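S.K.: Got a structure for you, questions after.
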Amino acid sequence: MYRALTIAGSDSGGGAGIQADLKTFTAFEVYGLSVLTAVTAQNTLGVHGVQVLPPDFVALQIRAVLSDIGADAAKTGMLATGEIVAVVAREMKAFQLTNLVVDPVMVSATGHPLLDEDAVEGMTALLFPLAKVVTPNLDEAAILWGEKIEDVSGMQEAARAIKALGPQYVLVKGGHLRGPTVSDVLFDGTRVEIWESPKIPTENTHGSGCTLSAAIAAGLAKGQPVKAAVEAARRYIHAAIASGLRIGKGKGPVNHLVKVQGLKG
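Here the sequence shown stands for residues 4 to 268, where the numbers follow the working numbering.
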C-alpha cells in the first residue's frame with residue numbers, strides 16, 4: 004500500500020486543507036496520513052478564525068506517523084508560522100523524506116492571511132531546498148519572484164527565479180490568468196513544460212490548490228516521475244472543478260469524488 008502524508012491546516016468546511024488532501028489520496032488509492040498545523044473555522048464564505056497548534060506538537064505528530072507507518076511522499080499546505088516551517092523542515096530531513104511537495108499557502112482565496120510574513124523567508128530557505136516540487140499559484144509566485152505576473156512568459160520567469168531557491172521542480176499554476184485558457188508551467192532547471200486547458204466557468208473551485216498538490220504527492224508516492232504525476236494531477240483537478248459542488252452560500256468546493264480514468268494504477 005502506497006502512503007502519502009499531508010502536513011496542513013484543517014478546513015471545517017471540508018473543501019480544502021487536510022480534508023481535501025485525504026480525499027485526494029483516497030481517489031488515487033493511496034493511504035493518507037495527516038499532521039495538523041492549525042484548525043480553521045471556515046466555510047464556503049471564508050475563514051472566520053484560525054487556531055495554530057504548538058510547533059512541538061506538530062513535530063510530535065510527524066514523528067508518530069513516520070516512525071511507525073512511514074510515507075512514500077509528503078506534501079505541505081498551510082504552515083502558518085516560521086516556527087512550524089522550521090520544525091517541518093527539520094523532521095523531513097531527519098526522516099530523509101525526498102518526495103516532498105511544497106504548496107506555499109500564503110493567503111486564502113477570500114484574502115485571509117494563512118502564513119506569517121516572517122515565515123515566507125523561512126519557507127524559501129529551509130523547505131524549498133528539500134522539495135521535489137513547489138506549486139505556487141500566480142499570487143504566491145509573484146510574491147516569491149517579486150514581480151507581478153500577467154502572462155505565460157511571466158510565469159516562466161517566475162519559475163526560473165523560484166527554481167534558484169532550491170527545489171528540484173517548480174510548477175507555477177496559472178488558473179487566475181485572464182483569458183479563456185488555464186496555463187501551467189513546469190520547470191526543472193533546464194526544460195520548460197507548458198500545459199493549457201480550457202478555463203471552466205464556475206465559482207466552485209475551493210480547495211483546488213490543495214487538491215492539485217495532494218494529487219502530485221499521490222503520484223510521487225506511487226513512484227511516478229514528476230511530469231507524469233503532474234499530468235495525472237491536472238486531469239484530476241480539471242474534472243473535479245468541472246463537476247464542482249454547489250454546497251453552502253459561497254464558493255463551493257471541487258468534487259473530490261469525480262471519476263477519472265487511469266488514476267488508480
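Where a beta carbon is used, it is the ideal one built from N, C-alpha and C, also for glycine. Note that the structure is a prediction, hence the values are computed from the model and not measured.
Note down, in chain order, each residue of its chain lying with its Cβ closer than 6 Å to the Cβ of residue 134, except the 5 sequence neighbours on either side.
M.R.: Around residue 134: 103, 105 and 170.
S.K.: Using 8 Å as the threshold, is the C-beta distance between residue 199 and residue 188 below it?
M.R.: Going by C-beta atoms, residue 199 is not nearer than 8 Å to residue 188.
S.K.: Which class does residue 64 belong to by DSSP, given the choice of helix, strand or coil?
M.R.: Helix at residue 64.
S.K.: I need the DSSP call for residue 179, collapsed to helix, strand or coil.
M.R.: DSSP places residue 179 in coil when its eight states are reduced to three.
S.K.: Rounded to the nearest angstrom, what separates residue 121 and residue 127 at their Cα positions?
M.R.: Looking at the two C-alpha atoms, the distance is approximately 11 Å.
S.K.: Which whole-angstrom value describes the C-beta separation of residue 173 and residue 137, a residue pair presumed to lie in contact below a C-beta threshold of 8 Å?
M.R.: Between residue 137 and residue 173 the Cβ distance is about 5 Å, and since that is below 8 Å, they are a contact.
S.K.: Let me make sure I understand the geometry here. Which of 256, 192, 255 and 239 has the alpha-carbon closest to that of residue 262?
M.R.: Among 256, 192, 255 and 239, the Cα nearest to that of residue 262 belongs to 239.
S.K.: Pairing CB atoms from the segment 223-235 with CB atoms from the segment 143-156, are three or more of them under 8 Å?
M.R.: Not touching, per the Cβ criterion.
S.K.: Among 180, 27 and 143, which residue has its Cα nearest to the Cα of residue 162?
M.R.: Closest by alpha carbon: 143.
S.K.: Rounded to the nearest angstrom, what separates residue 33 and residue 157 at their Cα positions?
M.R.: About 35 Å.
S.K.: Which same chain residues end up closer than 7 Å to residue 56 when comparing Cβ atoms and leaving out the 5 residues on each side of it in sequence?
M.R.: Excluding positions up to five away in sequence, the list reads 39, 40 and 41.
S.K.: Along the chain, where does the alpha helix (DSSP H) that runs through residue 145 open and close?
M.R.: Residue 145 -> alpha helix (DSSP H) spans 141-148.
S.K.: Which two residues bound the contiguous alpha helix (DSSP H) that contains residue 1?
M.R.: Because residue 1 is not part of the residues shown, which for the chain are 4 to 268, the question remains open.
S.K.: With H, G and I counted as helix, E and B as strand and the rest as coil, what does DSSP make of residue 239?
M.R.: Helix, per DSSP.
S.K.: For the beta strand (DSSP E) containing residue 18, name the first residue and the last one.
M.R.: Run containing residue 18: none; DSSP gives neither H nor E here.
S.K.: Relative to the C-alpha of residue 49, which candidate in 259, 244 and 253 has its C-alpha closest?
M.R.: Residue 49 has its Cα closest to that of 253, out of 259, 244 and 253.
S.K.: Can you tell me which of 100, 16, 241 and 85 puts its alpha carbon nearest to the alpha carbon of residue 8?
M.R.: Among 100, 16, 241 and 85, the Cα nearest to that of residue 8 belongs to 100.
S.K.: Whole angstroms is fine: what's the gap from residue 109's alpha carbon to residue 78's?
M.R.: Their backbone Cα atoms lie some 15 Å apart in a straight line.
S.K.: So, is residue 209 buried or exposed, given that buried needs 16 or more other C-beta atoms within 10 angstroms?
M.R.: Classification of residue 209: buried, given that the 10 Å Cβ count is 16 or more.
S.K.: Between 205, 141 and 58, which lies nearest to residue 241 when the distance is taken from Cα to Cα?
M.R.: It is 205.
S.K.: For residue 43, report the span of its beta strand (DSSP E) as first-last.
M.R.: Per DSSP, residue 43 belongs to the beta strand (DSSP E) from 34-46.
S.K.: Would you mind sorting residue 139 into buried or exposed? The rule is 16 or more other CB atoms within 10 Å of its CB.
M.R.: Flag for residue 139 reads buried.
S.K.: Look at residue 35 and residue 28 and say whether their C-beta atoms are less than 8 Å apart.
M.R.: Contact flag set, yes.
S.K.: If residue 16 sits next to residue 251, beta carbons under 8 Å apart, how far is it from one beta carbon to the other, in whole angstroms?
M.R.: About 7 Å; that satisfies the 8 Å criterion.
S.K.: Residue 84 to residue 60, Cα distance in whole Å?
M.R.: Residue 84 and residue 60: Cα-Cα distance of roughly 14 Å.
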